[in-house]
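These protein sequence lines are chains S and W, in that order. Those letters in the first sequence? Residues 712 to 860, by my numbering. Those letters in the second sequence? Residues 712 to 860, by my numbering. Cβ coordinates follow ideal geometry from the N, Cα and C atoms, glycine included. As structure tokens, the structure follows; a few thoughts come after it.
Protein chains: 2
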Amino acid sequence: MRISDLAAKSGLSPDTIRYYERIGLMPQSVRDGGGRRSYGAQDLAWASFLQKLQAINMPMRDRLEYSRLRARGDATLRARREMLETYRAALVARQAELAGLVATLDAKIIHYHEMEGTVEDDGSPHSHDRGGCAAPLDRPGGRPNAHAG
Amino acid sequence: MRISDLAAKSGLSPDTIRYYERIGLMPQSVRDGGGRRSYGAQDLAWASFLQKLQAINMPMRDRLEYSRLRARGDATLRARREMLETYRAALVARQAELAGLVATLDAKIIHYHEMEGTVEDDGSPHSHDRGGCAAPLDRPGGRPNAHAG
DNA sequence: GCTTGACCTGGAGCGTGCTCCAGCAAGTAC
DNA sequence: GTACTTGCTGGAGCACGCTCCAGGTCAAGC
């Protein structure tokens, strides 16, 4: 498998894969006759897993540490497990935080619905709701950061 | 309320508050006799809400847009509500993604437990599990990005 | 043989969102 | 009045994680 294939299958870009190799997140790549990187199933599995670590917002230094532990073999199984457990706990905490944020948004959305019913667009700017309730603002058609957080 | 008080109560730093004012996220501040910024309850509510928008990973450009809509008053209630609804949906999607990631971590953690039982630390490095299963690695005592994501 | 396209390397650049600093002024404590 | 704290402005700098580029190599198709 060449770098473009690995990129397509793992979801990382070729540049990112080379960057990961440079900093030691991906192992030194095997090369074919022409000096081009050649990847196997293990590389694909690892690249895909790295993407998951990225998806949980594990910072680079910890991904590197995990990678180094992995390279040391079975002696580090426990350390790796504990690391994942730590991140699992953080993930669960973030889930709870998100639930709270959804509730906050819901409250504000309901408040807006009520205001919209009261105001019925009289055309005049600067009427109510500026401050005390942390002022809402609206605009359709966004491309919110669905993947972050 | 002075900037340090607002900072303490909103969770933003004084530098961040001044930065927000500079870029237009916070309104131009009222000054006291000595030229220092003076804040009221509305400012605190808005600053706190801005922090929530940050917590849902709303990018700066959208926070700015929301802020501009807010400044225009009731005519933008609907636009603001729709914007929040868009982000609410993204948040719910992210919750689902997090649930999947937790499941992935759980599977790997269980796998590690099994491996640890099999290996029982024979002291030799480089035994099993390097590749096919996206190689796990472990280390205790982290400070994971609990707030991101 | 020649074109075309994928790939290589090393290094510079970038977008985001702050964060820090120098140099100075004003208010407060003693 | 003098030291100390807090705040001000404008601008530089930073951490993170890629992303892009120039200039060159390699291999396959025609």
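Q) First and last residue of the alpha helix (DSSP H) that includes M771/W? A) M771 to A782
Q | Cβ contact check for the stretch 799-816 of chain S and the stretch 806-820 of chain W: 3 or more pairs under 8 Å | A | yes
Q: Would you verify that the beta carbon of L736/S is, or is not, closer than 8 Å to some beta carbon of chain W?
A: no
(Q) Using the three-state DSSP reduction, which class does L717/S fall into: helix, strand or coil? (A) helix
(Q) Whether or not the stretch 745-764 of chain W and the stretch 713-726 of chain W are in contact is what I'm after, with contact meaning three or more pairs of Cβ atoms, one per stretch, closer than 8 Å; do they touch? (A) yes
Q) Between P725/S and chain W, is there a C-beta pair that is closer than 8 Å? A) no
Q) Leaving out five residues before and five after M769/S in sequence, what residues of the same chain have Cβ atoms less than 8 Å from its Cβ? A) Y777 and Y798
Q. What is the residue span of the alpha helix (DSSP H) that R747/W lies within?
A. From DSSP, R747/W is part of no alpha helix (DSSP H); its letter is neither H nor E.
**Q.** Local conformation of P738/W per DSSP, three classes
**A.** coil
Q: Count the other C-beta atoms from every protein chain shown that fall within 10 angstroms of the C-beta of S724/S, then say buried if there are 16 or more, exposed otherwise.
A: exposed
Q | R781/W vs R791/W beta-carbon contact at 8 Å | A | yes
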